[in-house]
Ligand SMILES: Nc1ncnc2c1ncn2[C@@H]1O[C@H](COP(=O)(O)OP(=O)(O)OP(=O)(O)O)[C@@H](O)[C@H]1O
Ligand SMILES: [Mg+2]
């Protein structure tokens, strides 16, 4: 292997003089402590390396040892339920060997090499296989079984396959005879993190990722295989929302990347996920989750790598035919890591000190999301949702602006709502989703025939409200005609009724699609009844005094997913209340019926 | 292997810029190694190696470079990072900004030398902070609860009463149900005036609390590069007290803004490409390396709770210092100049405040089952009232309905009866009682965050009472 000698050190970045040739993006080890690092630049007589660990104490003359291979992760059974750092070091293993605090130079295999997995072969000898062919299965965690695939790019005729039995990850479970001769395949394989794993072809996104969050599923859906961003100033609720999605969305496998955020938030996930159950399958959430934690105080280069580590792991599960969701909190911290490394390299900065290649890197990252047909021809998807932390909450800054170019769903969190403790603080007028049309068909075939028109009505009402509120600021509320005051009254009620959903309410934290449709119907009914009474001469403000209004506004947190009849009762009580307000109208209605 | 001083003294200083010294032809220096810088007058200053290139190293001198010359300055390198000697008896003492005792007392019997930069806690070893701390301050206890192991900064403005708030928290804070506090306090003054630091010390003395405090003082007149070290030294002491002596430590750092300014100054001497407002692009990570040292660790008795204070330049919460802090800490208590002017103490601007760990430490079995709903309702009504007040200041009060007037009255009373408590310590029950009483002035239809049962239990009684 090639080597180099360090002569320049600046934080996590160092330069070294090579003996032999190191490759761009090659994984290397630095010094006696064997700090993990990666080649990021090659010049005539120097290589530049970013180090994924604390470089305190590093001296010129330290040896940089090449590995001959690009920075890669180990993919195989045993990842579900684990927490890794940004370069896939297993945090629990490190904690048991090295204690409560990190130290530099800790090497630990990502997957326990001694652990045995029950392999059941699915093919017979003599079959021709290609990359992506399923060799066998391993029950991994909960109900998720890992399918052991022929690695991408490998093909040949199966000359031997292991009988059912318990094998270690590195043991050979199959042999192929291919063009380049004999080849052995184990359950655990490595894949470079910066290189997307191949699939047969891209499919269009049609299924919604059901998240159980009304403002998303009902108004701004995210498709399975789609990409979404969640921008918002500090404390507006990005992390809580992202964790809520990770808890309740209907993906098979979740990869959650804490990229440059808080240690306590990761501890929180570790605390809660093993206790909570997936509402669809009943298994523990932790059993379908892989966590990557590179918190804000952990090395910045490993933070830069963390989203790729997460992405590659997500692709590995996608390639097995799963619907996978990758959640990254926050893409801004990744961009800052990129900026910091770039600054130490003295590269010419573009906007706000970020390197000029920021948009390209973002595009490459979000392009790895998608709905695909895997190499074995099975539909699968990888959805990506990333938070963005704009400085000063200003959405025009580079990371928010560029991210927006590569995602189709933009869920803008708003400070004013968050300050009033209105959660999730998504601003419906600033947010949008390009997946509405894609998911319309799904709703239509799942009891939501009126879904598209009802949501459009509600959004139109909110737009009208915002327009009128500007007028109220000039002329006062009393100057508005009844019909317009009605818009203000109704919008306020509907917002409270449909859009507010506390992540901490046991009843409301997950809202089934049936409940969402019921609530949408109740709201619609409420709107049309209010309109009719006001047309019959009732003052809009009296609607606010109806006791049933409270119940409409609280229906999300008062009525459980399995209590849908309560919505019929509520609809009935709404009618009764409105009839009392405008009896003539009720009579007419009865006559008509 | 501890103090691996090299006997060799290096000369070869080629340039001195701000707090940085550039030295030619130094071999064997490690990144961030500790350095003694010996002045032409043979005085010793401490510093550390911050960058290394082929033919020179850059040394950051904590006590500044005034009086150094190119010829007369010598350096002694150590094969170790900057450390702090820790041991029993650290409390009740006063230290300088680098952690040397300055109160004339005996040296600290060094039980260990700890690296002042600390080491990141492995997230799997963190325990989620969840023990409610009663601070005795209504705006915090009811609406932005603090828990052990949290980092909850005070965002203030110059001249506001943040120091008084901090010393009240330091005096009042205790676990619920206990009559006295068991907190050890580490107070780090960064670039503040002697008066500020001394005032805090006297306050604590008055309440007989001096023996549970360690004071680290970098005053306004002290060199600014030293400010980079002071919070690290203080946090190292806090880690020793928490994780080795098993204490619950409350760390008060004031003023983080001075720290950030020192960071900017040093960064610009390096000629680094600045990010917003001239602050370095790594300020987020740098601040995180301080704030993230709060927490609890599984199977360890102690904890570190941080209440850092920062003054927002021009009262602007979007300024990079409060902004980046807010992105790292677990909430913030924001002070308002307007309330201060009107004599409300503590002048807590409720809306921009937040405690992210509140839901971990409040609710059934911890404070009261109805606490979260109470806080949510107070916030919702307060926000609504503020909006209304703004609107009525534009279009006039004539058009206000009866329920609008109720809301404005609620706003008024929130400030005069709930927020304004002077230096009195309130129990959580007293705070709750005021809060329910004020909410009871509002009609049911505006109490949407409360369930019918909560209205029946808490509100109705106050209406008739
Ligand atoms: N959906 C929600 N339901 C209930 N409470 C919420 C919700 N979203 C946010 N909150 C409250 O707001 C607080 C802040 O949210 P969160 O930590 O997610 O903000 P953030 O946008 O991630 O901030 P930062 O950028 O600083 O990380 C939470 O601690 C919680 O109290
Ligand atoms: Mg967050």
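Residue numbers (our numbering), protein chains in the order written: chain V, 53 to 645; chain L, 133 to 597. Virtual Cβ for every residue (Gly too), placed ideally from N, Cα, C.
Would the C-beta of residue 313(V) count as close to ligand 2, meaning under 7 Å from any of its heavy atoms? yes
Please report the Cβ distance between residue 368(L) and residue 248(L), rounded to the nearest whole angstrom; I am assuming they are in contact, meaning their Cβ atoms lie under 8 Å. 5 Å
Short CB-CB distance (under 8 Å) between residue 585(V) and chain L: no
Which parts of the region 157 to 242 of chain L are runs of the beta strand (DSSP E), unbroken and 3 residues or longer, counting only runs that do not cross its ends? 165 to 170, 176 to 184, 188 to 193, 206 to 213, 215 to 218 and 225 to 228
Buried or exposed by the 16-neighbour rule on C-beta atoms within 10 Å, applied to residue 481(V): Residue 481(V) is exposed by the Cβ-count criterion.
Look at residue 600(V) and residue 634(V) and say whether their C-beta atoms are less than 8 Å apart. no
Quick check: what's the CA-CA separation for residue 370(V) versus residue 240(V)? 16 Å
Candidates 444(V), 180(V) and 242(V): closest to residue 203(V) by CA position: 242(V)
Start-to-end residues for the beta strand (DSSP E) that takes in residue 100(V): Following the DSSP letters along the chain, one finds residue 100(V) inside the beta strand (DSSP E) bounded by residues 99 to 103.
Should residue 320(V) be counted as a contact of ligand 2 given a C-beta to heavy atom distance under 7 Å? no
For residue 622(V), which residues does DSSP report across the bridge? Its beta-bridge partners do not exist; DSSP assigns none.
Closest to residue 560(V) by C-alpha separation, out of 331(V), 362(V), 90(V) and 467(V), would be which residue? Nearest option by C-alpha distance: 331(V).
Kindly indicate which three-state DSSP category residue 426(L) falls into: helix, strand or coil? coil
In chain L, which residues lie with their C-beta within 8 Å of the C-beta of residue 135(V)? Correct list: 255 and 256.
Compare the C-beta of residue 450(V) against all C-beta atoms of chain L and say whether one is closer than 8 Å. no
Could you spell out the range, first to last residue, of the beta strand (DSSP E) harbouring residue 380(L)? Per DSSP, residue 380(L) belongs to the beta strand (DSSP E) from 380 to 386.
Examine chain L for any beta-carbon lying closer than 8 Å to the beta-carbon of residue 397(V), and answer yes or no. no
Along chain V, which residues have their Cβ under 9 Å away from the Cβ of residue 450(L)? Those are 285, 443, 444, 445 and 446, listed as they occur along chain V.
At a cut-off of 7 Å, would you count residue 40(V) as near ligand 2, judging by its Cβ distance to the nearest heavy atom? As shown, chain V starts at 53 and ends at 645. That puts residue 40(V) outside it, with no answer to give.
Taking 8 Å as the cut-off, decide whether the C-beta atoms of residue 319(L) and residue 332(L) are in contact. yes
Measuring alpha carbon to alpha carbon, tell me which residue in 237(V), 315(V), 467(V) and 85(V) is nearest residue 135(V). 315(V)
By the three-class DSSP mapping on this structure, what secondary structure does residue 313(V) have? coil
Straight-line CA distance for residue 467(V) to residue 308(V)? 25 Å
If we ignore side chains and look at the alpha-carbon of each, how far apart do residue 590(L) and residue 550(V) end up? Answer to the nearest angstrom: the Cα atoms are 27 Å apart.
Member of 110(V), 127(V), 53(V) and 143(V) whose CA lies at the smallest distance from the CA of residue 120(V): 53(V)
Contact list for residue 60(V) against chain L, beta-carbon separation under 9 Å: 183, 184, 185 and 186
Ligand 1 and residue 555(V): does any heavy atom of the ligand fall closer than 7 Å to the residue's C-beta? Distances between the C-beta of residue 555(V) and the heavy atoms of ligand 1 include at least one below 7 Å.
Quickly, what does DSSP pair residue 350(L) with across the bridge? List them, please. 322(L)
Using a cut-off of 9 Å between C-beta atoms, extract the partners of residue 213(L) located in chain V. 108 and 109
8 Å Cβ shell around residue 640(V) - same chain, five flanking residues per side excluded: Unreliable placement is indicated for residue 640(V), whose pLDDT of 47 sits below 50; no coordinate value is reported for it.
Between which two residues does the beta strand (DSSP E) harbouring residue 246(L) extend? 244 to 247
Let me know the secondary structure DSSP gives residue 229(V) once reduced to three states. strand
How far does the beta strand (DSSP E) with residue 381(V) in it extend, from its first residue to its last? 375 to 381
When we look at the beta-carbon of residue 535(V) and count the other beta-carbons within 10 Å, is it buried (16 or more) or exposed? exposed
Just to confirm my understanding: we take residue 281(L), look at its own chain, exclude 5 residues before and 5 after, and list those with CB closer than 7 Å. What are they? 261, 426, 427, 428, 435, 436 and 437
Across which residues does DSSP place residue 613(V) in a beta bridge pair? Paired residues: none, contrary to the question.
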